[in-house]
Amino acid sequence: MKKITKFFCLLTGLLCAPAVLLHAQVDKKLKADIISTGYVHTPLPLDETKAFETFGLKKKVLETVMLCDMEDFSKWSHKGIGKIGLTTERSKSGKHSLRLASETAPAEMLGWGLGRGTCMASYDVGGANWEGYNRLKFYIYPTCEGARSIYLNLYVENDGKIKVPDKYGREGYHEINLKNDQWNECFVEMSGLARDKVTKISFAIEIFGKESTMGDSLRFDVDAVELQRVENPETVKGWMPAQNRIIFSTTGYSLESPKTAIVNVENHSGQFQLKDADTQAIVFTGPIKKEKTGLGEFETIDFSNFKTQGRYVIQVGDITTFPFYIHKDVWDDSAWRMVNFLFCERCGYPVPGKHGACHTDLHVNYNGKVMPMNGGWHDAADMSQQTLQTGEITYSLLSMAKRAKEKGNVDLYNRLMEEALWGMDFILKTRLGDGYRAQTWGTNLWTDGILGTIDDAGRREMLVHNGALENFLLAGIEAYTSMMVENDVPLKNKLKKIAKEDFGFAMERFNKLGFAELIKKGGGHAGMASESQYHANISWAASMLYQLTGEQQYADEAVKAIRYTLQCQRTEPLKDKNKTCGFFYRDLAKKSIVHYTHQSRDYAYMEALAALCETQPDHAEYNQWIHSMKLYGDYLKNIMQHVYPYGMLPSGVYHKDEVKDSVNFYAVQVGIRSGAEKDYQEQLENGIRLDKEHYLRIFPVWFSFKGNIAVHLSTGKAAAICAKILKDKELKDIAEQQLFWVVGKNPFGQSMIYGEGSNYPQLYTALPGEMVGEIPVGMQSYFNEDSPYWPQFNTATYKEVWGSSAARWLMLISEF
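No gaps in the numbering here: position 381 of the sequence shown is 657 in the numbering used here, and each next residue is one more.
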């Protein structure tokens, strides 16, 4: 009897134990941080011990030349607002340092772009050849009263064989995130930068107005600018890792993951060891395999059969990795970090240590009324806001919340739901009646909160339009949210009501105008949509309404809309050796294949088909939906062979004449509207030729705006959806490979999420400042080449932190 009682008490204790005991964080330090921040109601602390810049400062310096010790001012010149000069107040190398100073809120709007002006100090280099050096090093001392995000820009200009900056003004620009009121030791490696004829370097303050705690002035002292040659410079271009590197997922691996890594170690025995990170005990040993692939010759290792949870390192020869985890819930910690990033990006909310309740002068004029419209999340390193993007972030948070609930992770579920409902509050606010919404606004300013003042020139008023695509998508998100809300019955019912209304507004406009209703100008990223994606979006939204209401009209609309999409799928094989097919065209003309550049909704096709399969499994067309998903899944398996031993999904198949279909072609390109023919052809020829008319590109065809995270994560989400419906382990592994790439299993061994895994670099954070969980637009390619390019130079768009990338990350990890 005592044994039975003891067992009963033990069982009761387990069942009633707090979620934190049953679902402890994989990372114990993160668990402590979550609790100390009130479950991320203040920002998580930054961990700089595992940052790229921390490691970089420890590299051995082989040669140093002082470029400017600030004792001679004759080569310096000033441009823009504010002033520059030498100061004796402080110095790192002699008696003087260079001082840049400006007001935080100048009386006039003198800036280019969306800012309020720039104070630039330029140093005349005189056309010197810097190819013998691979790093610039310098010190910066900011004195910015009350500032919570502090950075200074560095520009390098080259007039040699390759011009820097490039024609899109990206190359050679570097944002440096700084700590206030102290000397910051800074560097930027230049190994990938053209520097055969360097004409000048510049330091620049960008003026973006006064955040609530800021004083009236910004001041930066710069000193001891040195040219250096360091040992083991970073590889920044191509597929081959730098020497003596092991390329792996720095976060870790799930229990059932294919656990592989890429090795480039000079001296080894032909074997690798997996060790317990704490005890250094060897837990697994395996061979190092030499492989020749389409990307080159590599050495790889595989420890997929090892499935014991823990914290480990890989050792090859004398090279040992940083610790990583093997755990069944290895991605759950990243959800907390993404919540932190989004929390810091809240608009109109006082985020401790980040900003006050901002942008209270953001407004909309509609039917003679002026309404405040701050809320949701800023979409990037700037202060812009797009209603649809806030909607998609909300949906991603809800998707991950659903998964957390399935796992019984109550703390994570509650926090995700809270953040999601912050976004939904903004979506409700933007509804103006009769299908009209406040849709999008763009700015790079902290504003004064007063209507009619000078900073209103930065587009304080939101654009308003009645967009059917936006209303379809938001209706689906509203319906999904209604199904997720549990304890707030009035909100649940309100969301159900407006989901039906918004779907009705969208259908009315769509029936009247068709695809021509799509608003291309000022409509945000929705303007990139193709007709095939548009119909998939309608189908998905209708399925969400059907699931919510049980009303047959929505089931019928979902089936009707997907028929157009299915007609756009390539079912006939190309004339390549692998008989490639299964991808989608933009419309029935089939001149242009579906592609995305830095933004992507590539998951929309499989998401719509999966929703149909789940809500109408007895429908007469069910087998057609399954067949389409199998075709697409086989397509993904087919193209993955071209990126081995890495796992980033290729951008997709291109037809040689797509650029001639100009309406479709330029719809997906940002920052270029004509003149792409020559570059397009060169980019295709640098891809993989499949047959006489088709090429496969690993990275997208793109021009001004580059960054690949949202693109391949979206396709990864499509793979995961297919895996779930088709019960296909290979597709799920493909989906997880997209996560591995982002957190370090890329040629540069860097995690692109700050605070996730290890070896994460500073990112272009601009106004919100560095945040745990920040994630950028993503990896770019080098000009027209089709190989990865990830220099330390820190600029938009590729290194700009972005809410859309966070949404795609959350969408994908919700599948694991």
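For every residue, glycine included, the Cβ atom is placed at its ideal position computed from N, Cα and C.
Query, Result
"Compute the Euclidean distance between the alpha carbons of L291 and D687, then round it to the nearest angstrom.", "Residue placement at L291 is poorly supported in this model, since its pLDDT is 34, which falls under 50; the coordinates still yield a value, given next. When rounded, the distance between both Cα atoms is 16 Å."
"Distance, Cα to Cα, L850 vs R965?", "11 Å"
"Taking the alpha-carbon of S904 as reference, which of A995, Q662, L925 has the nearest alpha-carbon?", "A995"
"Applying the criterion that 16 or more other CB atoms from any shown protein chain within 10 Å of the CB defines a buried residue, is W388 buried or exposed?", "Note that W388 has pLDDT 43, beneath the 50 cutoff, so the model's placement of it is unreliable and the number below is only indicative. Exposed is the call here."
"Measuring CB to CB, does E695 end up less than 7 Å from V615?", "yes"
"Can you find at least 3 beta carbon pairs, one from the region 721–732 and one from the region 388–404, that sit closer than 8 Å?", "yes"
"According to the Cβ coordinates, are G992 and Q1014 closer than 7 Å?", "yes"
"Is A714 helix, strand or coil when you go by DSSP?", "strand"
"Taking the DSSP output, what are the residues bridged to P648?", "H639"
"Determine the contact status of V946 and F981, defining contact as a CB-CB distance below 7 Å.", "yes"
"Which residue comes first and which comes last in the alpha helix (DSSP H) that contains N747?", "744–760"
"Which of helix, strand or coil does DSSP assign to T729?", "coil"
"Cβ of F496 within 7 Å of Cβ of L428?", "yes"
"Between which two residues does the beta strand (DSSP E) harbouring P563 extend?", "558–563"
"Ordered along the chain, which non-local residues of its own chain (more than five positions away) have a Cβ less than 6 Å from that of C844?", "S808, F860, Y861"
"On the three-pair Cβ rule with 8 Å, is the region 513–530 touching the region 396–409?", "no"
"Please classify V977: does DSSP put it in a helix, a strand, or coil?", "coil"
"Ignore the nearest five residues each way along the sequence and tell me which others in E465's own chain have a CB closer than 8 Å to its CB.", "G332, N410, R411, V506, P509, E510, V512, P1067, Q1068"
"Indicate whether P1064 and P1023 have their beta-carbon atoms separated by less than 7 Å.", "yes"
"In terms of residue numbering, what span does the alpha helix (DSSP H) encompassing P1052 cover?", "Here P1052 belongs to no alpha helix (DSSP H), and DSSP marks it neither H nor E."
"I'd like to confirm something about I948: is its beta-carbon nearer than 6 Å to some heavy atom of the ligand FAD, or not?", "Among the components modelled here there is no ligand, and therefore nothing to report on the ligand FAD."
"Give the straight-line distance between the Cα atoms of D967 and C998, rounded to the nearest whole angstrom.", "27 Å"
"Using a 10 Å radius around the Cβ and a threshold of 16 neighbouring Cβ atoms, would you call H317 buried or exposed?", "exposed"
"DSSP three-state label for H631, please.", "strand"
"If we count the other Cβ atoms within 10 Å of its Cβ and call it buried at 16 or more, is Q458 buried or exposed?", "exposed"
"Straight-line CA distance for F582 to F560?", "7 Å"
"Can you have a look at N914 and say buried or exposed, based on whether 16 or more other CB atoms are within 10 angstroms of its CB?", "buried"
"Mind checking who K476 pairs with in its DSSP beta bridge?", "D400, E433"
"Taking V1048 and L320 to be in contact with their CB atoms under 8 Å, please state how far apart those CB atoms are, rounded to whole angstroms.", "4 Å"
"Taking 7 Å as the threshold (C-beta atoms), are D348 and G370 in contact?", "no"
"Kindly indicate which residue of F524, Y444, T380, Y689 has the alpha-carbon position closest to the one of N1035.", "F524"
"What does a CB cutoff of less than 6 Å around Q823 pick up in its chain, not counting 5 residues either side in sequence?", "T891"
"Spell out a yes or no on whether the region 758–770 and the region 826–842 are touching, meaning 3 or more CB-CB pairs, one atom from each, closer than 8 Å.", "no"
"Helix, strand or coil, according to DSSP, for T340 in the structure here?", "strand"
"Consult DSSP for I602 and reduce its assignment to one of helix, strand or coil.", "strand"
"With the cut-off set at 7 Å, would you say N899 and N1060 are in Cβ contact?", "no"
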